[in-house]
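Reviewing the structure listed below.
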Amino acid sequence: MFVDEVTIKVEAGNGGDGCTAFRREKFVEMGGPYGGNGGHGADIIFKVDEGLHTLLDLRYQKTIKGSNGENGRGKNQHGKGAEPLVVRVPQGTVVTDLDTGLVIADLSRKDQEELIAKGGRGGRGNTAFKTQTNTAPDYSEKGEEGEEKTLKVEVKMLADVGLVGLPSVGKSTIISCVSKSKPKIAAYHFTTLNPNLGVVKASDGRSFVMADLPGLIEGASQGEGLGDKFLRHIERTRVIAHVIDMSGSELRDPYEDYLLINKELGEFNTKLLEKPQIIVANKMDIEGAKDNLEEFKKKVPDVEIFEVSAATNTGLQAVVDKLADMLDAIPVNPLYDDSQIESHVLYKFKKEEPFTITRDDDGTWAISGDEVERIFKMTKFSGEEAEYRFAKKLSRMGIDDKLRELGAEEGDEVRILDFYFMFKD
Numbered sequence: 004m005f006v007d008e009v010t011i012k013v014e015a016g017n018g019g020d021g022c023t024a025f026r027r028e029k030f031v032e033m034g035g036p037y038g039g040n041g042g043h044g045a046d047i048i049f050k051v052d053e054g055l056h057t058l059l060d061l062r063y064q065k066t067i068k069g070s071n072g073e074n075g076r077g078k079n080q081h082g083k084g085a086e087p088l089v090v091r092v093p094q095g096t097v098v099t100d101l102d103t104g105l106v107i108a109d110l111s112r113k114d115q116e117e118l119i120a121k122g123g124r125g126g127r128g129n130t131a132f133k134t135q136t137n138t139a140p141d142y143s144e145k146g147e148e149g150e151e152k153t154l155k156v157e158v159k160m161l162a163d164v165g166l167v168g169l170p171s172v173g174k175s176t177i178i179s180c181v182s183k184s185k186p187k188i189a190a191y192h193f194t195t196l197n198p199n200l201g202v203v204k205a206s207d208g209r210s211f212v213m214a215d216l217p218g219l220i221e222g223a224s225q226g227e228g229l230g231d232k233f234l235r236h237i238e239r240t241r242v243i244a245h246v247i248d249m250s251g252s253e254l255r256d257p258y259e260d261y262l263l264i265n266k267e268l269g270e271f272n273t274k275l276l277e278k279p280q281i282i283v284a285n286k287m288d289i290e291g292a293k294d295n296l297e298e299f300k301k302k303v304p305d306v307e308i309f310e311v312s313a314a315t316n317t318g319l320q321a322v323v324d325k326l327a328d329m330l331d332a333i334p335v336n337p338l339y340d341d342s343q344i345e346s347h348v349l350y351k352f353k354k355e356e357p358f359t360i361t362r363d364d365d366g367t368w369a370i371s372g373d374e375v376e377r378i379f380k381m382t383k384f385s386g387e388e389a390e391y392r393f394a395k396k397l398s399r400m401g402i403d404d405k406l407r408e409l410g411a412e413e414g415d416e417v418r419i420l421d422f423y424f425m426f427k428d
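The sequence shown lines up with residues 4 to 428 when you count with the working numbering.
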């Protein structure tokens, strides 16, 4: 089964908790803190596997979850970090974060690996907090939570040339003649339900990959028929070969067919119309095709047209040789240019405000923000010393001053996530 798009949730592993322990051997005076750090949670990595051509393995997985790091132990024993969870995907896979709309990874190179979700770091044991002024800290950290993301994973096939056209114009027959691909061929619409790839060789031995894309119809870019399900596979192609039934055997006007397909390509992605295009006038062995071609050339004078008959395997080698020449002159560019990648990186690592303060309807001051919530989640409220350290961190971040500025008074209730405490001035 060909599956080229799935939605999944990924959860990287949480870091292990740090340990609070003390050295208590009989002959070791003032043994001090002895708690180890927690291990790192498992990262989730996507890796290209050239042997895969579908996302079928991911279709029935609702969630991909990495292992948690081990907790730290006494005697300064650090917890073991979890091994990264490697998810193998086909070459040409694009991963998008549905919450932000950002493209996380475009896995288009052989053996390419990309970090998709980062595991949480391990919490520090109390040994890590020992200082000259605090030689016996009685607190440690919880492990950091791993990243959680909801992803759209889609395959955009790697093909140099894409065959496009309405149903039953002969695309499958063409690719079966010029390559060893064996698509299903029959005398009814939508015979081809999955894209077919074939390696095509020119007369001089040059080769390239051609994709036979399922027939498009009017409204395909909005989801009609097979819809935009397969239009994504045209995005990576460097040349579009537009196959037209020049005989009008389906009682259609070849010129109207040409306009309709280009309209759908443009509505899906305007960049598709910027790709070099040739016209493959198929079914030229049928009566009336010559007359239709003469009329067609008058209306489309600027695009090179090749007369072929896929049924009799006539004229196809000239098309293949021309496509090879065109590909020699067209560089292989990534699907997402540097500006898109750069904007993603800048967005991802843009420094945000460490906190924001709002007031709930009941008068509670609500503090939120990634940094302050991370500190809260990693704090073990196991004693006064840990609570004091947490309060001191908030004060250093400027939260106390901001609360005073907003009018908070002593005794007011303050909330971070589901944790409530009293404000003291």
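From the three backbone atoms N, C-alpha and C, an ideal C-beta is built for every residue, glycine too. Remember, it's a predicted structure, so these values are computed and weren't measured experimentally.
Quiz item: From what residue to what residue does the alpha helix (DSSP H) around Gly-269 run?
Solution: 257 to 271
Quiz prompt | Glu-412 - DSSP class collapsed to helix/strand/coil | solution = coil
Quiz item: Can you name the residues that DSSP bridges to Ser-429?
Solution: The displayed coordinates of the chain run from 4 to 428. Any statement about residue 429 would go beyond what the structure contains.
Quiz item: Which of helix, strand or coil does DSSP assign to Phe-384?
Solution: coil
Quiz item: Whose C-beta lies closer than 7 Å to the C-beta of Ala-45 among residues of the same chain, with five residues either side of it excluded?
Solution: Ala-15, Gly-16, Gly-69, Ser-70, Ala-85, Glu-86, Pro-87, Leu-88, Gly-122
Quiz item: Is DSSP giving Arg-62 helix, strand or coil here?
Solution: helix
Quiz item: Relative to the alpha-carbon of Thr-240, which residue among Ala-411, Glu-277, Lys-152, Leu-420 has its alpha-carbon at the smallest distance?
Solution: Glu-277
Quiz item: Which parts of the stretch 40 to 95 are runs of the beta strand (DSSP E), unbroken and 3 residues or longer, counting only runs that do not cross its ends?
Solution: 47 to 51, 66 to 68, 88 to 92
Quiz item: In terms of alpha-carbon separation, which member of Met-160, Lys-174, Glu-267 lies closest to Val-92?
Solution: Met-160
Quiz item: Residue range of the alpha helix (DSSP H) that Asn-285 falls in?
Solution: Run containing Asn-285: none in the alpha helix (DSSP H); it sits in the beta strand (DSSP E), 280 to 285.
Quiz item: Taking three-plus beta-carbon pairs below 8 Å as touching, is the stretch 304 to 312 in contact with the stretch 264 to 276?
Solution: Touching, no, given that fewer than three Cβ pairs across the two stretches are closer than 8 Å.
Quiz prompt | Distance between Glu-297 and Gly-291 (C-alpha atoms, nearest Å) | solution = 10 Å
Quiz item: For Trp-368 versus Arg-362, is the C-beta distance shorter than 7 Å?
Solution: yes
Practice problem: Report yes or no: do the stretch 247 to 262 and the stretch 166 to 175 share at least 3 C-beta pairs separated by less than 8 Å? | Solution: yes
Quiz item: Helix, strand or coil: which one does DSSP assign to Ala-189?
Solution: Residue placement at Ala-189 is flagged as unreliable, the pLDDT there being 43, under the threshold of 50; a coordinate-derived value is accordingly withheld.
Quiz item: How is the alpha helix (DSSP H) around Val-322 delimited, first residue to last?
Solution: 319 to 331
Exercise. Would you decide whether Leu-409 is buried or exposed? Buried here means 16 or more other CB atoms lie within 10 Å of its CB.
Key: exposed
Quiz prompt | Strand pairing of Thr-153, partner residues [DSSP] | solution = Lys-12
Practice problem: Could you name the residues that DSSP lists as bridge partners for Val-97? | Solution: Asp-109, Glu-157
Quiz item: By the 10 Å Cβ neighbour count, where 16 or more other Cβ atoms means buried, how is Met-287 classified, buried or exposed?
Solution: buried
Quiz item: To the nearest whole angstrom, what separates the beta carbons of Val-156 and Leu-234, a pair I think is in contact under 8 Å?
Solution: Wrong, their Cβ atoms sit about 17 Å apart, outside the cutoff.
Quiz item: Nearest to Lys-83 by CA position, among Asp-421, Leu-154, Glu-151, Gly-21, is which residue?
Solution: Gly-21
Quiz item: Taking C-alpha atoms, which residue in Ile-289, Asp-141, Asp-328 lies nearest to Ala-313?
Solution: Ranked by Cα distance from Ala-313, the options Ile-289, Asp-141, Asp-328 are led by Ile-289.
Quiz item: What residues match up with Thr-176 in a beta bridge as DSSP calls it?
Solution: Its beta-bridge partners do not exist; DSSP assigns none.
Self-check item: For Ser-250, the nearest candidate out of Asp-114, Asn-129, Phe-299, Glu-150 (CA to CA)
Solution: Phe-299
Exercise. Check whether the stretch 129 to 136 touches the stretch 205 to 219, taking contact to mean three or more Cβ pairs, one atom from each stretch, closer than 8 Å.
Key: no
Practice problem: Check each candidate in Gly-54, Gly-19, Pro-357, Arg-392 and name the one with the smallest Cα separation from Asn-40. | Solution: Gly-19
Quiz item: Rounded to a whole number of angstroms, what is the C-alpha to C-alpha distance between Gly-38 and Asp-114?
Solution: 40 Å
Exercise. Would you identify the three-state DSSP class for Gly-222, choosing helix, strand or coil?
Key: Caution applies to Gly-222, whose pLDDT of 47 falls short of 50 and renders its modelled position unreliable; the value that the coordinates give is listed next. It is coil, neither helix nor strand.
Quiz item: Where do the ends of the beta strand (DSSP E) carrying Asn-199 lie?
Solution: 199 to 204
Self-check item: Terminal residues of the alpha helix (DSSP H) in which Leu-118 lies
Solution: Counting along the chain, Leu-118 falls outside any alpha helix (DSSP H), though it belongs to the beta strand (DSSP E) covering 116 to 120.
Practice problem: Taking Glu-297 as part of the alpha helix (DSSP H), name the residues at either end of that continuous run. | Solution: 292 to 302
Quiz item: Leaving out the 5 sequence neighbours to the left and right, which residues in its chain are closer than 6 Å to Ile-419 when beta-carbon positions are compared?
Solution: Ile-370, Phe-379
Exercise. Count the other CB atoms, across all protein chains shown, that sit within 10 Å of the CB of Phe-30; report buried if there are 16 or more and exposed otherwise.
Key: Looking at its Cβ environment, which holds fewer than 16 other Cβ atoms inside 10 Å, Phe-30 is exposed.
Practice problem: Check the Cβ-Cβ distances between Phe-393 and every residue of chain D, and say whether any is below 7 Å. | Solution: Absent from the structure is chain D; it holds one protein chain and no more.
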